[in-house]
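Read through the structure below, which is laid out as structure tokens, and then see the notes.
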Amino acid sequence: GFRRGETVTLRRNDRYWGPKAHLDQIVIRLVPDSDAQLDALRNHEADLIRPQPTADLINHVRQLSGVHSQVRPTLSFEHLTFNLSQPILADPAVRRAIATAIDTGQLVDRLVRPMDASTQPLGNRIWLPGQPPYQDHADGYGKGDTGAAKRLLEQAGWRLGADGVYAKDGRRLRLRCSTIAGDPRRRAEGVLLQDQLAKAGIRLELASAPFAAFFGEWVDKGNFDIADFSWTGNPFVVSGSQDAYRTDGTGNHGRFSDPEVDELFRRAAGELDPARAADIGNEIDRRLWAQLPSIPLYPLPGFLAWRQDLVNVEHNTTTEGPFWNVGTWGFATS
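See the structure below:
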């Protein structure tokens, strides 16, 4: 069964030739708001939730009796995509200044380490920390160097106004950062980014929309300056990344184009030696850092919480999510 925007109902297939699933059916309620998910678990209206985690939410869950939870790394990472068709962001100096002014370490310390103390700022768009080919190519970016960011802007002809905002050719350095509504972590992230960039003379205005409108009306149609969302990886790391950076890729929302990057992805996808393909992936990321179509911020931890009488639940950090072994789920008998 399917009720748009409300529920998906899965029933056991009794004709399945393998081990019989324990549960007759599973009803998945589509509840994007993390706090509403927590309320549903607390009020026994849900047996399992997978919300966008925050430290406060995790702490609330851990205080609930009769509830288990897990925090684990995922294949997702938070990032900022620049709309390169926007005249101000078409200037590489502006993108470099933004990347220099942002303090990624502060974002991680405030937003992620309270959930997962091992999280580090991300310096690669292809590989994640913990994957053997991972290399940090961020160099001087993401360090919150306000002075260096201002020098980059001034060398490119921007001048600081009396209001503390840079301007050039009659245009103030004012940009809109758009993200998905109903996510407390991203709401806090926007406020931190706003403060970090204000110190470098860059005015950041925050906007949010529900998931469908954020992508359908804003990101997919190029109606944004900076988009804050996450990319989710898959086991085919290099080829799975190409759509976000290849010319005319459907995931290339910022309209970035570099024939050399296109060629490197083509070579990597056809490379039979995994080590060589991994090296090409890192070569791609180095070129992306040089041109800055986006800024990777940090890997995202995943959070799962469920009532303790629901057994055999185990968080899967791949794109399969918690439902990878759903046929073994069941309720414990007293």
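Here our numbering runs 2 ahead of the position in the sequence shown, where the first position is 1. The C-beta atom is built at its ideal place from N, Cα and C for all residues, glycine as well.
Within 7 Å, strictly: CB atoms of residue i and residue j
i, j, result
"Y300", "V96", "no"
"A183", "A211", "yes"
"H2", "R288", "For the chain, the structure presents residues 3 to 336; residue 2 sits outside this window and is missing."
"I128", "S243", "yes"
"G270", "I282", "In the sequence as presented, Gly is not what sits at residue 270; that position holds Ala. Yes, they are a contact pair."
"L124", "P295", "no"
"I30", "A307", "no"
"A246", "G235", "no"
"G256", "F84", "yes"
"T330", "N314", "yes"
"H62", "G332", "no"
"P303", "P75", "yes"
"P55", "F305", "yes"
CA nearest to the CA of residue i, picked from the options
i, options, result
"R187", "P237, R6, G251, S232", "S232"
"L59", "V73, E47, D49", "V73"
"K22", "L199, L124, N327", "N327"
"E322", "R5, L77, E47, L66", "L77"
"D197", "E285, L312, V167, Q122", "V167"
"P237", "T319, R52, D105, G68", "T319"
"P135", "G251, D16, A280, P276", "A280"
"R64", "P75, T83, A119, R44", "R44"
"D311", "D49, G20, R6, N15", "D49"
"E342", "T249, L274, G272, E273", "The shown model of the chain, from 3 to 336, leaves out residue 342, and the question about it has no answer."
"V221", "T9, D35, S87", "S87"
"E265", "Q157, E285, L274", "E285"
"D171", "V33, D93, H81", "D93"
"E156", "D185, D165, G146, A99", "A99"
"H1", "G142, G224, T181", "In this structure the chain extends from 3 to 336, so residue 1 is not present and cannot be described."
"D165", "A158, K201, D185", "K201"
"A277", "G251, A158, V239", "V239"
"A42", "R309, P324, H317, F325", "R309"
"E207", "E219, F226, V10, R5", "F226"
Inter-residue CB distance, residue i and residue j (contact presumed, cutoff 8 Å)
i, j, result
"L162", "G132", "41 Å between Cβ atoms; not a contact."
"A209", "R178", "6 Å"
"L175", "T102", "Not a contact, Cβ separation roughly 14 Å."
"I90", "R173", "6 Å"
"G149", "D105", "With a Cβ gap of about 13 Å, G149 and D105 do not count as contacting."
"L194", "R112", "6 Å"
"P53", "L40", "7 Å"
"R17", "Q27", "With 8 Å as the limit, R17 and Q27 do not qualify as a contact, their Cβ atoms being about 15 Å apart."
"P116", "A57", "3 Å"
"W160", "A169", "7 Å"
"L32", "G7", "6 Å"
"S36", "D185", "7 Å"
"Q108", "G146", "7 Å"
Identity of the residues DSSP links to residue i by a beta bridge
i, result
"R30", "Here residue 30 turns out to be Ile, not Arg, going by the sequence shown. DSSP lists V10 as partners of I30."
"H46", "Bridge partners of H46: none, in fact."
"E80", "S232, Y300"
"D105", "K145"
"I100", "Beta-bridge pairing links I100 to no other residue."
"A307", "I51, S71"
"T5", "First, the amino acid is wrong: residue 5 is Arg here, not Thr. DSSP lists T9 as partners of R5."
"G256", "BP columns for G256 are empty, so no partner."
"G332", "V313"
Check: residue i C-beta below 6 Å from any heavy atom of the ligand SAH
i, result
"R153", "Among the components modelled here there is no ligand, and therefore nothing to report on the ligand SAH."
Closer than 7 Å to chain D by CB, residue i
i, result
"Q27", "Within the model displayed, chain D is absent; a lone protein chain is all it includes."
Within the stretch 117-165, ranges of the alpha helix (DSSP H) (whole runs, at least 4 residues): 148-157
Start-end ranges of the beta strand (DSSP E) lying completely within the stretch 165-193, minimum 3 residues: 168-170, 176-182
Every unbroken beta strand (DSSP E) within the stretch 197-244, with a cutoff of 3 residues, ordered by chain: 205-211, 228-234
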